[in-house]
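*Asks:*
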Ligand SMILES: Nc1ncnc2c1ncn2[C@@H]1O[C@H](COP(=O)(O)OP(=O)(O)OP(=O)(O)O)[C@@H](O)[C@H]1O
Ligand SMILES: [Mg+2]
């Protein structure tokens, strides 16, 4: 069985320890301190948070994923569902939900087949959005006790900025959370400028309301050891030079490294040592799975944008307005290159890290190069 996991939260043997970050996060949670966890896509934020919380036996996680949340109603339903998932008999959820139902505009029932509790929005009974959000946060507050504390995780929190009237909603949330000083809220997000707009901008209600915890790549030495151990578990041996190439292509992004290793594992035989020969085969497996997306991307962008993209793939994403970059890509004006690159960032094909444009998906970059665009 494939000893690597990617595209999902990892725990247990699949989780490579990050003791410093885990210790810091545990400290904040125990102190009831709000934290905002910042880091690139697929770097390991959600896994770190869930593994850390799992290591705090007293704390009960209310895990709310805001990805795809389009309205306050959906958010409220998500919060109520998270509370129900986490709660147990001692929380008297039925009674408690009864108390909050009207304010939440939700119905609560047990599935007759699975016996799982579930919530649904009552048609026509939608209370005014922000009121029900207040009620949902009150519901969280009501199940928190000193002996059985909760920790609230709001993952992909930047999605809140996509809601209509988000300024009012954010202010209202902040108001409520402020009055729950003992409950630690962990806000996580991967879109840096949006998270900064929420927590670092002096205009935001959340300004200075949470300490920042940055999640970067895993320590390479520790991660390599972990990966070598996983290969061993999968009855293969990996050479250092192959791992060098994996880290170069993926730039150390945790999830991408795991995806590459999984592909390497899948194209090799038991009881063998994996050598460089396997690299193109592994990439071909990844390209095969992702090709439709790559092709759609190339078709949907302009010629200028494609030239820039290929330029970044070939020459790197620094000094993209310099004569060198413009000459190599054949783009006449620095302003045109700038505009094209900004659009590629908006489309999430590239992202900006300090003064550099980088590929969101490193395998897409390798595919572009392999196709000789
Ligand atoms: N500590 C870890 N040890 C081993 N692999 C990890 C670790 N953390 C993350 N990964 C790998 O990275 C992948 C993405 O992890 P996770 O979903 O936690 O990241 P994330 O930063 O929350 O990503 P996103 O921004 O997409 O939500 C996992 O599926 C796994 O392959
Ligand atoms: Mg995540």
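In the working numbering, the protein residues as written are 272 to 644. Positions of the beta carbon are idealized from the N, C-alpha and C atoms, including for glycine.
(1) What residues are listed by DSSP as bridge partners for residue 460?
(2) Under the three-state reduction of DSSP, which class applies to residue 429: helix, strand or coil?
(3) Evaluate contact between the stretch 428-436 and the stretch 454-463, counting only Cβ atoms and requiring at least three cross-stretch pairs below 8 Å.
(4) Could you tell me if the beta carbon of residue 461 falls within a distance shorter than 8 Å of some heavy atom in ligand 2?
(5) In the DSSP assignment, find the alpha helix (DSSP H) that holds residue 623 and state where it starts and stops.
(6) Mind checking if residue 603 is an interface residue toward chain D, Cβ cutoff 9 Å exclusive?
(7) Assuming contact is defined by CB atoms lying nearer than 9 Å, are residue 630 and residue 620 in contact in what I supplied?
(8) Report the residue ranges of all alpha helix (DSSP H) runs contained in full by the stretch 301-350; include only those spanning at least 4 residues, in chain order.
(9) Going by the CB atoms, is the gap between residue 507 and residue 548 shorter than 9 Å?
(10) Do residue 502 and residue 520 have their beta-carbon atoms positioned less than 9 Å apart in this structure?
(11) Quick one: is residue 273 buried, meaning 16 or more other Cβ sit within 10 Å of its Cβ, or exposed?
(12) For the structure I just gave you, are there three or more beta carbon pairs, one from the stretch 289-298 and one from the stretch 316-327, closer than 8 Å?
(13) Return yes when the C-beta of residue 349 is under 8 Å from any heavy atom of ligand 2, and no when it is not.
(14) Residue 515: beta carbon under 8 Å from a heavy atom of ligand 2?
(15) Give every residue of the same chain whose Cβ lies closer than 8 Å to the Cβ of residue 402, excluding the five residues on either side of it in the sequence, and list them in chain order.
(16) Per the contact definition of three or more C-beta pairs closer than 8 Å, is the stretch 329-341 in contact with the stretch 475-485?
(17) Taking 8 Å as the cut-off, is the CB of residue 403 close to at least one heavy atom of ligand 1?
(18) Is residue 274 near ligand 1 - that is, is its Cβ less than 8 Å away from at least one heavy atom of it?
(19) Once DSSP output is grouped into helix, strand and coil, what is the label at residue 380?
(20) Compute the minimum distance between the beta carbon of residue 465 and the heavy atoms of ligand 1, and state whether it is under 8 Å.
(21) Compare the C-alpha of residue 358 against each of 515, 413 and 598 and name the closest.
(22) Let's see if you can read the secondary structure: which residues bound the beta strand (DSSP E) around residue 544?
(23) Could you give the first and the last residue of the continuous beta strand (DSSP E) run that contains residue 615?
(24) Residue 313: buried (16+ other C-beta within 10 angstroms of its C-beta) or exposed?
*Replies:* Short version:
(1) 309
(2) helix
(3) yes
(4) yes
(5) No alpha helix (DSSP H) holds residue 623; the beta strand (DSSP E) holding it covers 621-624.
(6) The chain labelled as chain D is not found in the depicted structure, where only one protein chain is given.
(7) yes
(8) 316-325
(9) no
(10) no
(11) exposed
(12) yes
(13) no
(14) no
(15) 374
(16) no
(17) no
(18) no
(19) strand
(20) no
(21) 413
(22) 543-545
(23) Looking at the DSSP string, residue 615 is not in any beta strand (DSSP E); the run it does join, the alpha helix (DSSP H), is 605-617.
(24) buried
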